[in-house]
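Worksheet for the structure shown next.
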Amino acid sequence: MRHVLSVLVENEPGVLSRVAGLFSGRGFNIDTLNVGPTLEKGVSLMTISTHGDEQIIEQIIKQLRKLITVIKVVDLSGTKAVEREMVLIKVHATDSSRAEILRIVDIFRCKVVDVSIDELTMEVTGDQGKIVAIVNMLQRFGIKEFARTGTVAMKRSMQF
Amino acid sequence: MELTGAQILLESLKQEGVQHIFGFPGGAVIDIYDELPKSSIQHFLVRHEQGAVHAADGYARSTGKVGVCLVTSGPGATNTVTGIATAYMDSIPVVIFTGQVPTALIGNDAFQEVDIVGITRPCTKHNYLIKDVKELAHSIKEAFYIAASGRPGPVLVDLPKDVMQARTEFEYPKTISMRSYNPNYTPNRKQVKKAASLLSKAERPLIYSGGGVISSEAGEIMTRLARRFSLPVTSTMMGLGAFPGNDPLWLGMLGMHGTYAANMAVNNSDVLLSVGARFDDRVTGKVNTFAPRARIIHIDIDPTSIRKNVNVHIPIVSDCLNALTALEEEMGEITGVQWEDKHSSWVKTVKGWNQEHPLQYETGPSGKVKPQYVLEKLYELTKGEAIITTEVGQNQMWAAQFYKYHRPRTWISSGGLGTMGYGFPAAIGAQVANPGKLVIDIAGDGSIQMNIQEMATAVCYNLPVKIIILNNSYLGMVRQWQELFYNKNYCATCLDTAPDFVKLAEAYGAEGYLVEKSEDVVPVLNKVIASPKTCIVDIKVEPEENVYPMVPAGASLTEMLLV
Ligand SMILES: Cc1ncc(C[n+]2csc(CCOP(=O)(O)OP(=O)(O)O)c2C)c(N)n1
Ligand SMILES: [Mg+2]
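Just so you know, the sequences run in chain order F and U. Numbering-wise (this note's numbering), the first sequence opens with residue 1 and increments by one. Numbering-wise (this note's numbering), the second sequence opens with residue 1001 and increments by one.
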């Protein structure tokens, strides 16, 4: 099963390779990984999406907690969480297809961030499902470039 | 007053109570060596950096203190890796200081530069590259704290040369607190109560103990608990010595070369109390047939050990000493259980297995010395009071089986990594830490050649370590597998070209003895035990002797091959 982990770490050199090395050394999977500074100086937040059976996920969480530079690990999968990922997609666009592409952009509430004679670049934000869906919709026009940030996620305030 | 980085390092070591370090110099650490003579710390010059780490490790295992070593950058640092991995696998507190090229050159492929922090990341508990002399004292304090606390382990501190030369005000932190590292020492009382209640209902209880009992100094309380509540005890190889090997409740080691009684007891027990052990594959055999009838209580300070290999019913994350203390209290409060009566038939059954198939060996047709005989005699002559270190292979298994360990920290052996070449430098470290004690390395003819250069270290510092080579002219343990599972294809395991170990001992200024007949074993051992010098005893043993019982890799514990 897919799990999204919020991992708060000390922001020091090597911390990323400690985490990445843990996953590769023990044969765990990383599907996406996102790192950025938090509002607290010296602390970064990693969001890791991974998959595995219950016992593997339990090991991943425990092993992460065991790393000296890891401050806190939260598994968001058991909770109500907001999950977002941003993707930049550059598609091939001709005079005959541009209108159709823009309609899709509209439906998915994406933003066009760059245009040229034969290309359109858009910014898509959403959860995994939305990203899969828009990729499916755009594939037939020809996706020329594709860049995604990896998931970031947060527990919802109200857990019901 | 301002001190240089080198001075800060040595002052910090003093503050940590370090008296002895093991090391080998080089360009990147000359500044430290330049200060060393002014310090009260005694330095032992090894002949290979691997030896320095094993010596620090043996020092740590024999005392419980943190072992310390110091090496130069580049090849000095890479030579420590096997030693570090050995300490890591067995959770031994060691702090390794490595020299590094000046900070301005890091990343430039400078002379003798390696990224040792990168290399050792997966085999240290933690490591540091010190980029600013102002961080030095604090990082050293953390390094010692991390190495010794929680589940112990090696910590490496990489010291660029310019940081050793830079100056700053020295103040050693008195305490340390880390928001990201707070090992949990105390057990959850509810879990302990549950465990006590489960044990009170057990018909066939068994203690399965491991290295955690040694490192948390819980041997005494475990022994009291076992005797008071009449619980038979087996242990992993790492746990030997925690429970007296001459106690009637002792079943011997379990696992691949465990005793028949221990493996049968695991198979039949209904409650298994696992203390400071981690269900390693060499212990469990085929894991889904391990302890099939038992409900398992698992005490371990490391949460990752729990449910890693085996599903347990009552996990208790705690230091073993605290958990067993609490468990004894809780069990003491349970009334109406006549523990001894209740377990008497189980204890009888277990002892019956021991009589049915004790550890034994046959005297072979060649009339050659039996390696097991050597260990039996050594046990008798030393009354179980020696510190025994081992190399790896058959020698190690016979030493685990046929010498009985009465006390914690008298058995010192590379368990998790199985490092050939470990035993001798570890013996040097143990001897440095225990000057009056008899320290013996049980060696194989293969393993001893992996760190034989440390003979110079032992002789140089008058360390009367005894090396007993069980010389079978084979890489015996591998040969045993070839014999049993590979049609006797003895490829690359015959060691017929070997040095004359007696001459070799003499060449280093030590004493050498050759034993070829059984009747010479006792007289020579007596002579060696009494000798104040470093000694090698080369005992030509039965070449194709095997270690039994043996559970083939991947088989269940009950599928033992017996003598
Ligand atoms: C550094 C290292 N290399 C290889 C091995 C694999 N190995 C395990 S036991 C063994 C044989 C050891 O031979 P020896 O020291 O003569 O001991 P014996 O088994 O003959 O008692 C070998 C090669 C190892 N454990 N460590
Ligand atoms: Mg041999």
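Glycine is no exception: its CB is placed at the ideal position from the N, C-alpha and C atoms.
Separation of residue j from residue i, as counted between CA atoms
i: residue 1525 of chain U; j: residue 1155 of chain U; result: 39 Å
i: residue 1078 of chain U; j: residue 1047 of chain U; result: 15 Å
i: residue 117 of chain F; j: residue 146 of chain F; result: 19 Å
i: residue 1425 of chain U; j: residue 1454 of chain U; result: 7 Å
i: residue 1562 of chain U; j: residue 1548 of chain U; result: 6 Å
i: residue 1057 of chain U; j: residue 1301 of chain U; result: 21 Å
i: residue 73 of chain F; j: residue 58 of chain F; result: 11 Å
i: residue 1146 of chain U; j: residue 1434 of chain U; result: 25 Å
i: residue 1233 of chain U; j: residue 1251 of chain U; result: 6 Å
i: residue 67 of chain F; j: residue 18 of chain F; result: 8 Å
i: residue 1552 of chain U; j: residue 1282 of chain U; result: 10 Å
i: residue 1451 of chain U; j: residue 1421 of chain U; result: 5 Å
i: residue 1400 of chain U; j: residue 16 of chain F; result: 41 Å
i: residue 1350 of chain U; j: residue 1515 of chain U; result: 38 Å
i: residue 1148 of chain U; j: residue 1241 of chain U; result: 20 Å
i: residue 1345 of chain U; j: residue 1267 of chain U; result: 16 Å
Span of the beta strand (DSSP E), counted from its first residue to its last, around residue i
i: residue 125 of chain F; result: 119 to 126
i: residue 1042 of chain U; result: 1042 to 1045
i: residue 86 of chain F; result: 81 to 92
i: residue 1023 of chain U; result: 1020 to 1023
i: residue 1422 of chain U; result: From DSSP, residue 1422 of chain U is part of no beta strand (DSSP E); its letter is neither H nor E.
i: residue 1471 of chain U; result: 1466 to 1471
i: residue 1391 of chain U; result: Where residue 1391 of chain U is concerned, there is no enclosing beta strand (DSSP E), given that its DSSP letter is neither H nor E.
i: residue 1444 of chain U; result: 1439 to 1444
i: residue 1300 of chain U; result: 1295 to 1300
i: residue 111 of chain F; result: 111 to 115
i: residue 1099 of chain U; result: 1094 to 1100
i: residue 1003 of chain U; result: 1002 to 1004
Residue from the options with nearest C-alpha to residue i
i: residue 1009 of chain U; options: U:1026, U:1441, U:1260 and U:1069; result: U:1069
i: residue 1006 of chain U; options: U:1035, U:1017 and U:1021; result: U:1035
i: residue 1559 of chain U; options: U:1107, U:1284 and U:1194; result: U:1284
i: residue 1383 of chain U; options: U:1391, U:1344, U:1273 and U:1406; result: U:1406
i: residue 1230 of chain U; options: U:1253, U:1206 and U:1211; result: U:1206
i: residue 1174 of chain U; options: U:1433, U:1483, U:1299 and U:1140; result: U:1140
i: residue 1457 of chain U; options: U:1429, U:1086 and U:1480; result: U:1429
i: residue 150 of chain F; options: F:159, F:140 and F:127; result: F:127
i: residue 1367 of chain U; options: U:1235, U:1289 and U:1519; result: U:1519
i: residue 1395 of chain U; options: U:1446, U:1325 and U:1245; result: U:1446
i: residue 1277 of chain U; options: U:1317, U:1260, U:1293 and U:1257; result: U:1317
i: residue 1417 of chain U; options: U:1391, U:1431, U:1149 and U:1398; result: U:1391
i: residue 1464 of chain U; options: U:1187, U:1157, U:1528 and U:1534; result: U:1534
i: residue 1071 of chain U; options: U:1116, U:1105, U:1109 and U:1085; result: U:1116
i: residue 137 of chain F; options: F:92, F:6, F:10 and F:157; result: F:92
i: residue 1288 of chain U; options: U:1303, U:1275, U:1273 and U:1307; result: U:1307
First through last residue of the alpha helix (DSSP H) which encompasses residue i
i: residue 1325 of chain U; result: 1320 to 1333
i: residue 154 of chain F; result: Unbroken run through residue 154 of chain F is the beta strand (DSSP E), 152 to 155; no alpha helix (DSSP H).
i: residue 1032 of chain U; result: 1030 to 1035
i: residue 1455 of chain U; result: 1455 to 1460
i: residue 1281 of chain U; result: 1281 to 1284
i: residue 1264 of chain U; result: 1260 to 1268
i: residue 1059 of chain U; result: 1049 to 1063
i: residue 1076 of chain U; result: 1075 to 1078
i: residue 1089 of chain U; result: 1081 to 1089
Under 9 Å between C-beta atoms of residue i and residue j
i: residue 155 of chain F; j: residue 81 of chain F; result: yes
i: residue 45 of chain F; j: residue 8 of chain F; result: yes
i: residue 1473 of chain U; j: residue 1491 of chain U; result: no
i: residue 1238 of chain U; j: residue 1090 of chain U; result: yes
i: residue 1026 of chain U; j: residue 1062 of chain U; result: no
i: residue 88 of chain F; j: residue 123 of chain F; result: yes
i: residue 1225 of chain U; j: residue 1324 of chain U; result: yes
i: residue 85 of chain F; j: residue 131 of chain F; result: yes
i: residue 1130 of chain U; j: residue 1160 of chain U; result: yes
i: residue 1410 of chain U; j: residue 1387 of chain U; result: yes
i: residue 1356 of chain U; j: residue 1260 of chain U; result: yes
i: residue 1564 of chain U; j: residue 1198 of chain U; result: The requested residue 1564 of chain U is not part of the displayed model; chain U covers only 1001 to 1563.
i: residue 1202 of chain U; j: residue 1269 of chain U; result: yes
TODO: Starting from the N-terminal side, write out each stretch of the beta strand (DSSP E) that is 3 residues or longer and does not extend beyond the stretch 1110 to 1196 of chain U.
DONE: 1126 to 1129, 1155 to 1160 and 1167 to 1169
- [ ] Would you mind listing the alpha helix (DSSP H) stretches within the stretch 1187 to 1242 of chain U that are 4+ residues and don't spill past its ends, in chain order?
- [x] 1189 to 1201, 1211 to 1215 and 1219 to 1228
Task: Completely contained alpha helix (DSSP H) runs for the stretch 1327 to 1386 of chain U, where each covers 4 or more residues - done: 1339 to 1356 and 1371 to 1382
Task: Ranges of the alpha helix (DSSP H) found wholly within the stretch 4 to 36 of chain F, counting only runs of at least 4 - done: 15 to 25
TODO: May I have a chain-ordered list of the alpha helix (DSSP H) segments no shorter than 4 residues that lie completely inside the stretch 1472 to 1549 of chain U?
DONE: 1476 to 1485, 1501 to 1507 and 1518 to 1530
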